[in-house]
Amino acid sequence: MTRFPIFLASIAASTLTITATVDAASSTEFNFRLKDEGGDGANIRADFRRSDRANSQWNSSFRITDFAGLERSQLAGKGQTPVRFALVRDAGRLDCSGTGGSSSAEGQCRFTANQEFLDHLRSSGIAPVSGEDVYAMTAVGVRRDLITEIRRANYPAPSAQNLIALAALGLESGYIQELAASGYRPAQLNTLIQFKALGVDGAYIESLKKVGYGNLALEGLVEFKALGITADYIRRLQDSGIRVVDSGKLVQMKALGVGPADNRPNPRNTR
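The sequence shown: position 213 = 298 (our numbering), numbered continuously.
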């Protein structure tokens, strides 16, 4: 069966870019640039770069309310207006100051890890994390309730990389229970990450059951979703007279671009 680098592909395609090395035990300097892209406040584009490393970068879109102390009017003037704000998250914070005007702002930030959060990681059985991991956790918004959700679902203690991936993918409360109710609770966090990256959910699983694919292995379900095999695709094949019994055969057909026939011959099985 084909293997798919699900997590790497999903992160590479995201709008968030993180490449940084910071010391978890100390503050670290960054330069920032903000760009007001208009709209209802959800379109502040921010870029944070390590002052002493050209390849250290985090850029993403934010709401104006994500930056405590920043007013939109400070970005709107024609002159240079002093700005001071903080981006505060569970894992750490960026305290920034600079000047704003003409729908943008720039200046310097200091990143500081949250020691209480690091202590919480240790008490939760999570191995000591690097400064780079702490910064990435801050960037993607790893929260304590994510750790609680994983523990409640009886998974082993996650790695820092597990937490970063699940937070980046937006794991919400109830997702694991939804999969379990459909009979597909991944035993490993890496598989859960693949499911979430692809958008495998209860509705997708139930739709496959209705067209005769209720006994797929977890790997098969990942391959179906990665290739875009939907209940509608299977149903149209069946309506064309093609009934594929072997899920591996169906994967091969979809990968090769085989679709429903225009005509509708007598039903036949393809094993």
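For each residue, glycine too, the CB sits at the ideal point set by N, CA and C.
Alpha-carbon to alpha-carbon, residue j and residue i
i	j	result
residue 170	residue 144	17 Å
residue 245	residue 210	11 Å
residue 291	residue 262	14 Å
residue 178	residue 341	48 Å
residue 213	residue 252	18 Å
residue 377	residue 273	In this structure the chain extends from 86 to 356, so residue 377 is not present and cannot be described.
residue 323	residue 339	14 Å
residue 249	residue 294	32 Å
residue 287	residue 116	43 Å
residue 176	residue 247	15 Å
residue 129	residue 172	13 Å
residue 224	residue 188	23 Å
Closest residue to residue i among the options (Cα-Cα distance)
i	options	result
residue 311	321, 291 and 337	337
residue 168	307, 175 and 158	158
residue 121	182, 191, 174 and 181	191
residue 198	134, 328 and 217	217
residue 205	229, 222, 225 and 183	229
Residue i, buried or exposed, once every other Cβ within 10 Å from all chains shown has been counted against 16
i	result
residue 185	buried
residue 136	exposed
residue 227	buried
residue 267	buried
residue 164	exposed
residue 281	buried
residue 151	buried
residue 134	buried
residue 234	buried
Same chain only: Cβ atoms within 7 Å of residue i, ignoring 5 sequence neighbours per side
i	result
residue 300	none
residue 240	274
residue 180	171, 194 and 195
Residue i at chain B interface by Cβ criterion, 8 Å
i	result
residue 223	Here chain B cannot be found, since the structure has a single protein chain.
Cut-off 6 Å between Cβ atoms - residues of its own chain near residue i, not counting five sequence neighbours on either side
i	result
residue 232	209
residue 131	119 and 147
Residue i: first and last residue of the uninterrupted alpha helix (DSSP H) it sits in
i	result
residue 218	216 to 225
residue 247	245 to 253
residue 333	332 to 340
Enclosing beta strand (DSSP E) for residue i [first to last residue]
i	result
residue 168	166 to 173
Beta-carbon proximity list for residue i, same chain, < 8 Å, skipping 5 on both sides
i	result
residue 207	213
residue 254	95, 278, 281 and 282
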